[in-house]
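This report refers to the structure that appears directly beneath it.
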Amino acid sequence: MLIYLQMVETEEERDLIELFYKEYRTKMLRVALSILHNQQDAEEAVHQAFLRICNNTSLLPKEICHKTEGFFVIIVKNISIDLYRRKKIVQEVEFDEDYIGATTEDVVESEALSRVSEEKLADIIAKLPSKYSESLILKYHYGYMNKECAKLLGITPETFRKHLERARTMLASECVREGIMNEA
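Residue numbers (the numbering used here): 53 to 236.
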């Protein structure tokens with residue numbers, strides 16, 4: 053809680069944050085846990101929610117009421133859903149194991165690539181032009197959503213989708229050329 057108190061400037065804001073923390077933390081934790089089904093992830097969601105709240109103290113209601121409770125619950129719910137989606141994507145799309153493509157059409161390729169050593173795959177990806185290798189790494193290694201990747205790269209989501217499509221095609225071609233996969 054000291055982290056949150058250090059983030060705000062005035063004594064009045066500190067008192068308000070402390071009051072809200074004591075009042076809503078347990079409820080927020082229950083909401084996060086109901087979405088994430090993991091204590092550690094739920095605590096992370098509550099932590100992120102309070103960080104966001106401390107960064108926007110001017111938007112906070114000044115008293116405890118049902119609207120304030122709803123405000124805090126909505127924040128932690130949205131953060132929990134984002135964490136759940138990221139975690140789900142990372143679990144479904146393991147970069148060096150089960151699945152390298154984004155669609156079911158790539159299942160055959162992904163099965164062949166799953167047998168490739170991590171180093172070999174990294175070497176092949178490193179040979180791709182940087183905009184394509186960055187797209188693959190952000191999407192499949194770090195598990196970002198397309199919009200997040202586009203924002204990080206400073207391009208539109210449509211351009212990112214095109215980069216990703218071309219990157220997967222180039223990766224498959226390189227794997228065929230290296231003898232890792234057979235031509236489809």
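Note that the Cβ used here is the ideal one computed from N, Cα and C, for glycine as well.
Remember, it's a predicted structure, so these values are computed and weren't measured experimentally.
> In angstroms, rounded to a whole number, what distance separates the CA positions of residue 107 and residue 65?
Replying inline: Here residue 107 corresponds to residue number 55 of the sequence shown, with the count starting at 1. Here residue 65 corresponds to residue number 13 of the sequence shown, with the count starting at 1. Taking the straight line joining both Cα atoms gives about 11 Å.
> What number of angstroms, rounded off, separates the C-alpha of residue 183 from the C-alpha of residue 193?
Replying inline: Here residue 183 refers to the residue found at position 131 of the sequence shown. Here residue 193 refers to the residue found at position 141 of the sequence shown. If you take the alpha carbons of residue 183 and residue 193, they lie about 15 Å apart.
> Whole-angstrom Cβ separation of residue 101 and residue 94, contact assumed at under 8 Å?
Replying inline: The residue given as residue 101 occupies position 49 in the sequence shown. The residue given as residue 94 occupies position 42 in the sequence shown. Not confirmed; about 11 Å, so no contact.
> In chain order, which alpha helix (DSSP H) runs of at least 4 residues are fully inside the segment 167-217?
Replying inline: Listed in chain order, the complete alpha helix (DSSP H) runs (minimum 4 residues) inside the segment 167-217 are 170-179, 182-188, 198-205.
> Secondary structure at residue 118, three-state DSSP: helix, strand or coil?
Replying inline: The count along the sequence shown starts at 1 and reaches residue 118 at position 66. Here residue 118 sits in helix by DSSP.
> Which residues bound the alpha helix (DSSP H) around residue 78?
Replying inline: Taking the first residue of the sequence shown as position 1, residue 78 is located at position 26. Per DSSP, the continuous alpha helix (DSSP H) segment holding residue 78 begins and ends at 63-88.
> If you draw a straight line from the alpha carbon of residue 230 to that of residue 208, how long is it in whole angstroms?
Replying inline: Along the sequence shown, one-based indexing puts residue 230 at 178. Along the sequence shown, one-based indexing puts residue 208 at 156. Near 32 Å, if we compare the C-alpha coordinates of residue 208 and residue 230.
>> Taking the beta carbon of residue 126 as the centre, do at least 16 other beta carbons fall within 10 Å, making it buried, or is it exposed?
In response: Within the sequence shown, the letter at position 74 stands for residue 126. Residue 126 comes out exposed.
>> Tell me the residue span of the alpha helix (DSSP H) that contains residue 105.
In response: Position 53 of the sequence shown, counting from 1, holds the residue named residue 105. Here the alpha helix (DSSP H) through residue 105 covers 91-107.
> What three-state label does DSSP hand residue 226 in the structure shown?
Replying inline: Taking the first residue of the sequence shown as 1, we reach residue 226 at position 174. It is helical.
>> Please classify residue 178 as buried or exposed, where buried requires at least 16 other C-beta atoms within 10 Å of its C-beta.
In response: Your numbering for residue 178 matches position 126 in the sequence shown. By the neighbour-count rule (16 or more Cβ atoms within 10 Å), residue 178 is not buried but exposed.
> Using CA coordinates, which residue listed in 186, 103, 232, 72 is at the minimum distance from residue 122?
Replying inline: Here residue 122 is taken as the residue at index 70 of the sequence shown, counted from 1. Considering only 186, 103, 232, 72, the residue with the shortest C-alpha distance to residue 122 is 72.
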